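First residue of the sequence shown: 10, per this note's numbering; consecutive thereafter.
Even glycine gets a Cβ: it sits at the ideal position worked out from N, Cα and C.
These numbers were taken from a predicted model, which means no experiment stands behind them.
Data block below; observations after.
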Amino acid sequence: MAKNDESKRLLVRAAIDVWESLEEEVLNELMETMVNRLKAVVDAQGWYTKY
10 MAKNDESKRL LVRAAIDVWE SLEEEVLNEL METMVNRLKA VVDAQGWYTK Y
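Here it is as structure tokens:
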């Protein structure tokens, strides 16, 4: 296995582990703020937002 393939596998595994460790409450809070986040992006015409 190429070194790059192993690095990719480890990165994907780490991302999955972190995703699975997130509390449901954190995800719910993020979903509740999504409308405001999207509005901020539109208002900023794709530029920086406070998020």
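key: Coarse secondary structure for Ala53, derived from DSSP in three states   = Taking the first residue of the sequence shown as position 1, residue 53 is located at position 44. DSSP places Ala53 in coil when its eight states are reduced to three.
query = By Cβ distance, which residues of its chain are closer than 8 Å to Ala23, with the 5 residues on each side in sequence left out?
reply = By one-based count along the sequence shown, residue 23 stands at place 14. So no residue of the chain qualifies.
task = With DSSP collapsed to three states, give me the class of Leu39.
result = If you number the sequence shown from 1, residue 39 lands on position 30. In the structure shown, Leu39 sits in a helix (DSSP, three-state: H, G or I).
ask   = DSSP state of Ala11, grouped into three classes?
value = Along the sequence shown, one-based indexing puts residue 11 at 2. It is coil, neither helix nor strand.
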